[in-house]
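Chemist:
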Amino acid sequence: PVPVFCDMTTEGGKWTVFQKRFNGSVSFFRGWNDYKLGFGRADGEYWLGLQNLHLLTLKQKYELRVDLEDFENNTAAAKYAEFSISPNAVSAEEDGYTLYVAGFEDGGAGDSLSYHSGQKFSTFDRDQDLFVQNCAALSSGAFWFRSCHFANLNGFYLGGSHLSYANGINWAQWKGFYYSLKRTEMKIRRA
Numbered sequence: 400p401v402p403v404f405c406d407m408t409t410e411g412g413k414w415t416v417f418q419k420r421f422n423g424s425v426s427f428f429r430g431w432n433d434y435k436l437g438f439g440r441a442d443g444e445y446w447l448g449l450q451n452l453h454l455l456t457l458k459q460k461y462e463l464r465v466d467l468e469d470f471e472n473n474t475a476a477a478k479y480a481e482f483s484i485s486p487n488a489v490s491a492e493e494d495g496y497t498l499y500v501a502g503f504e505d506g507g508a509g510d511s512l513s514y515h516s517g518q519k520f521s522t523f524d525r526d527q528d529l530f531v532q533n534c535a536a537l538s539s540g541a542f543w544f545r546s547c548h549f550a551n552l553n554g555f556y557l558g559g560s561h562l563s564y565a566n567g568i569n570w571a572q573w574k575g576f577y578y579s580l581k582r583t584e585m586k587i588r589r590a
């Protein structure tokens with residue numbers, strides 16, 4: 400069994416939180432194995448693990464909700480009616496834990512994730528994006544980078560506005576590439 404954080408209040412509850420950030424106490428600039436297996440603690444900042452996500456979403460349909468908060472206590476969300484990780488792969492890891500999302504519903508955040516759908520997960524030590532350079536290394540994070548991103552929720556915890564380009568906890572359609580968010584939660588539930 401793997402401990403998880405469940406959100407039982409937001410929009411009817413029953414959400415399994417697989418990514419949670421709120422104070423920068425846990426470094427998310429990590430390698431492939433950590434992202435595959437998971438890290439942190441469910442009662443703090445954490446990442447559930449790509450393999451766990453794949454197994455959770457393999458046999459049933461799931462929806463995704465992304466909750467965001469800035470340092471001025473403004474909140475926004477984005478929902479996706481469909482979410483899965485390498486659903487048709489013989490080996491999810493060999494498939495790169497490919498992200499699939501569809502059916503965007505705006506909760507004020509805008510759609511920064513659809514751009515990443517169909518992409519493999521990349522870390523600084525496993526470059527699987529479409530860019531000439533390693534997006535994970537350039538963006539100080541790990542994500543389903545393309546060339547490179549509109550969402551970087553595993554970037555550095557930089558505390559709001561920052562001068563460096565696109566390496567904070569960014570959701571470009573809401574706050575752009577020069578603002579690192581205070582709090583993020585990525586959560587799924589059965590559709």
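Residue numbering for the sequence shown follows our numbering, starting at 400 and increasing by one per position.
Idealized CB from N, CA, C, for every residue including glycine.
Thinking Y479 and L463 are a contact (beta carbons under 8 angstroms), I'd like their distance in whole angstroms, please.
Modeler: Counted from its first residue, the sequence shown places residue 479 at position 80. Counted from its first residue, the sequence shown places residue 463 at position 64. Confirmed, about 4 angstroms.
Chemist: Taking the alpha carbon of E444 as the point to measure from, which residue in T456, E492, K581 has its own alpha carbon closest?
Modeler: One-based indexing of the sequence shown puts residue 444 at position 45. Of T456, E492, K581, the residue nearest in Cα terms is K581.
Chemist: Comparing C-alpha positions only, which one of A508, V500, G507 sits nearest to K519?
Modeler: Reading the sequence shown from its first residue, position 120 is the one you call residue 519. Per the Cα distances, V500.
Chemist: Starting from the C-beta of D510, find all residues in its chain whose C-beta is less than 7 angstroms away, skip the five residues before and the five after it, and write them out in chain order.
Modeler: Counting from one through the sequence shown, the residue named residue 510 turns up at place 111. The residues are A477, F503, Q572.
Chemist: For L529, which of helix, strand or coil comes out of DSSP?
Modeler: For the purposes of this step, residue 529 is taken as the residue at position 130 of the sequence shown. If DSSP states are grouped into helix, strand and coil, L529 belongs with coil.
Chemist: I'd like to confirm the pairing. Which residues does DSSP put opposite K419 in its beta bridges?
Modeler: To locate residue 419, count along the sequence shown from 1; it is residue 20. Partner(s): Y445, E584.
Chemist: With three or more C-beta pairs closer than 8 angstroms as the rule, is the stretch 444-456 touching the stretch 422-436?
Modeler: Contact holds: three or more Cβ-Cβ distances are below 8 angstroms.
Chemist: Taking the alpha-carbon of R420 as reference, which of R588, T474, L449, E584 has the nearest alpha-carbon?
Modeler: As a working mapping, residue 420 is identified with position 21 in the sequence shown. That would be E584, whose Cα lies nearest to the Cα of R420.
Chemist: Within 10 angstroms of the Cβ of R429, are there 16 or more other Cβ atoms? Answer buried if so, exposed if not.
Modeler: Working through the sequence shown from its first residue, we reach residue 429 at position 30. R429 is buried by the Cβ-count criterion.
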